[in-house]
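Residue numbers (our numbering), protein chains in the order written: chain A, 1 to 135; chain B, 1 to 443.
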């Protein structure tokens, strides 16, 4: 915002309501999937040590170097693709794991901001609006 | 600071809510999930909830009156299918309001979840708390056929506040994506079960239950006989659609809206005497009774026989005491059965007198099939159902079915005549007969 405005505010442009960013590529799709709970944010504490089971989980995490070998469509390994498949399944689309047009269109439909999947309240930084701890 | 009221207040009360919610959760937690919160298992612990559309958060697209009316209707729709009642409270301290709603764009109302502008996200909600609508969306009133229906979005978000997650079933109001509004959308059967899973079903006593029969002409001039089932409780009533096993959408309705001239605060009984010679609907209340004029949809002041209404029951039905508890007309033996206390008076309509030998004990005329399983007396409602071709006696939230004269006794000849089969809960046979808060009756 400019430090000075003319007194009659004529230089202030009231922004017309802006358009929501459309989901067009993998990055925006990934944001969409993590916002609505299809991709779960990784919580390091939880990974290092799961108190309730007393078992260290780090063997679950595939590790950076393993990711590099993952191909598009190879759903068994990529969190993104398995999240995509999840989304396609609940949206009644054909479950391909591919970021195709039908999936893109479904992601761009008007929708509710509450996540689709249970979210873990460990993500305090940006809690979804539905966690009771907000109260 | 005002603008932040919406959210900070909500956080001000964590402990109070947490206690209530925690108690619920701790019980459930032991049963199902240890260490993880189970979606769909948390609920308000009180049945009457206050809501308010926050003044700073009015939409710029609809009149304030429209916004409040639509949101009030959305709350009422949930009330019609659950024991919850909602009151719009525009005066209590904000901290006492359970559900606060508001419109905003982008960064709004002190919320940590920024809206994304026109398109995609149209609203979000918090468990047991607040609802925000994205005013960059084109919200419209119901049935305008364009834009995003505010009613539909409001019903969806209130579902979240009440504890429901997103549900992917076709036809569910809790689907995450907005589907253009079909005309007359309603909360379907499965969504009703979901909310009743959290808050239980609707229970309550009835003043009377009756089938109202009428003759109609089809477009081909044929006379057909139709009937509707009505449940009455205090000053309001429900039409029960037997085919779809639910009440009519939008019920209950105030008595004076649908039955003109009968006592607006409720009746004791309704009897439809219907045989070859007589077709008369009567309503009983206290010491008087009224006759209803189907054709003019109001009570008679003078009926075709010249009787002035309301009339004393003792005049029209000599030998019958008043007030009565309830009554029903049995087409099979052309008698009206009047109930008062622990006695039943069988009135012979043709002879216009109480049949010899009556009054008798209800337990004698309607003996219990299972010993001890009997309402005893003070029956709330006695109902001859054309759908079930059976008589039911209602008391509190239970009913007893009278042994059918043909089918039941053919199958089990040892059953006593007019015996009462073991009781069941009313809400297990007639579903979703739910109160709404009186303030929502006019919505």
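Virtual Cβ for every residue (Gly too), placed ideally from N, Cα, C.
Quick one: what's residue i bridged to in DSSP?
i	result
residue 344 (chain B)	B:339, B:360
residue 434 (chain B)	Bridge partners of residue 434 (chain B): none, in fact.
residue 109 (chain A)	Answer by DSSP bridge pairing: none, since residue 109 (chain A) is not bridged.
residue 232 (chain B)	B:208, B:237
residue 407 (chain B)	DSSP, once it has assigned bridges, lists no residue as partnering residue 407 (chain B).
residue 123 (chain B)	A:112, B:133
residue 88 (chain A)	Note: residue 88 (chain A) sits in no beta bridge, so no partner.
residue 290 (chain B)	B:283
residue 214 (chain B)	B:226
residue 29 (chain A)	Partner(s): none; residue 29 (chain A) has no beta bridge.
residue 368 (chain B)	B:420
residue 425 (chain B)	B:398
residue 312 (chain B)	B:288
residue 20 (chain A)	BP columns for residue 20 (chain A) are empty, so no partner.
residue 383 (chain B)	B:392
residue 118 (chain B)	A:19
residue 326 (chain B)	B:339
For residue i, which of the options has the nearest alpha-carbon?
i	options	result
residue 140 (chain B)	B:314, B:66, B:80, B:174	B:66
residue 71 (chain B)	B:58, B:110, B:83, B:81	B:58
residue 204 (chain B)	B:422, B:428, B:439, B:440	B:428
residue 109 (chain B)	B:313, B:54, B:41	B:54
residue 113 (chain A)	B:101, B:123, B:150	B:123
residue 329 (chain B)	B:56, B:210, B:206	B:210
residue 432 (chain B)	B:188, B:171, B:142, B:130	B:188
residue 423 (chain B)	B:218, B:168, B:398	B:398
residue 116 (chain A)	A:22, A:40, A:21, A:27	A:40
residue 395 (chain B)	B:381, B:407, B:302	B:381
residue 30 (chain A)	A:110, A:111, A:104	A:104
residue 284 (chain B)	B:253, B:202, B:251, B:232	B:232
residue 370 (chain B)	B:341, B:403, B:105	B:403
residue 297 (chain B)	B:49, B:51, B:257	B:257
residue 342 (chain B)	B:332, B:292, B:358, B:351	B:358
residue 68 (chain B)	B:80, B:332, B:88, B:406	B:88
residue 434 (chain B)	B:79, B:50, B:217, B:419	B:79
residue 193 (chain B)	B:175, B:164, B:90, B:178	B:164
residue 478 (chain B)	B:266, B:63, B:430	Since the displayed chain B opens at 1 and closes at 443, residue 478 (chain B) lies outside it and no answer follows.
residue 110 (chain A)	B:225, B:137, B:90, B:129	B:137
residue 133 (chain B)	B:112, B:105, B:119, B:384	B:105
residue 344 (chain B)	B:320, B:85, B:42	B:320
residue 229 (chain B)	B:275, B:115, B:213	B:213
residue 439 (chain B)	B:126, B:236, B:412, B:190	B:236
residue 275 (chain B)	B:50, B:135, B:333, B:425	B:333
residue 79 (chain A)	A:89, A:38, A:21, A:107	A:38
residue 116 (chain B)	A:81, A:92, A:35, A:84	A:35
residue 111 (chain B)	B:120, B:100, B:246	B:100
Any heavy atom of the ligand MG within a distance shorter than 7 Å of the CB on residue i?
i	result
residue 358 (chain B)	As far as ligands go, the structure on display features none, and thus does not contain the ligand MG.
Give the C-beta separation of residue i and residue j to the nearest angstrom, bearing in mind that I take them to be a contact with Cβ-Cβ under 8 Å.
i	j	result
residue 347 (chain B)	residue 335 (chain B)	6 Å
residue 287 (chain B)	residue 312 (chain B)	6 Å
residue 421 (chain B)	residue 442 (chain B)	Contact doesn't hold; Cβ gap of about 40 Å is too wide.
residue 103 (chain B)	residue 158 (chain B)	Rounded, the Cβ-Cβ distance is 15 Å, inconsistent with contact.
residue 146 (chain B)	residue 208 (chain B)	In fact, because the Cβ distance is near 45 Å, the residues do not count as touching under 8 Å.
residue 77 (chain B)	residue 155 (chain B)	6 Å
residue 262 (chain B)	residue 290 (chain B)	6 Å
residue 148 (chain B)	residue 178 (chain B)	6 Å
residue 216 (chain B)	residue 226 (chain B)	6 Å
residue 186 (chain B)	residue 249 (chain B)	5 Å
Interface residues of chain B around residue i at Cβ under 7 Å?
i	result
residue 90 (chain A)	168
residue 21 (chain A)	116
Going along chain A in order, which residues have a C-beta closer than 7 Å to the C-beta of residue i?
i	result
residue 176 (chain B)	111, 112, 116
residue 156 (chain B)	112
residue 256 (chain B)	Correct list: empty, because the minimum Cβ distance to chain A is about 39 Å.
What residues from chain A crowd round residue i, counting only those whose CB sits closer than 9 Å?
i	result
residue 122 (chain B)	110, 111, 112, 113
residue 148 (chain B)	110
Check the Cβ of residue i against every Cβ in chain A and list those closer than 8 Å, keeping chain order.
i	result
residue 108 (chain B)	In chain order: nothing, as chain A lies at least about 12 Å away.
residue 119 (chain B)	19, 20, 22, 108, 110
residue 137 (chain B)	110
query = Which full runs of the alpha helix (DSSP H) of 4+ residues lie inside the segment 60 to 102 of chain B, going along the chain?
reply = If we require 4 residues or more, the alpha helix (DSSP H) runs fully inside the segment 60 to 102 of chain B come out as 64 to 79.
inquiry  = Please give the ranges of any alpha helix (DSSP H) in the segment 216 to 285 of chain B, keeping only runs that are unbroken, at least 4 residues long and fully inside the region.
reply    = The qualifying runs are 255 to 258.
request  = Pick out the complete beta strand (DSSP E) segments inside the segment 130 to 169 of chain B, 3 residues or longer, and give them in chain order.
outcome  = Here the runs fully enclosed are 131 to 134.
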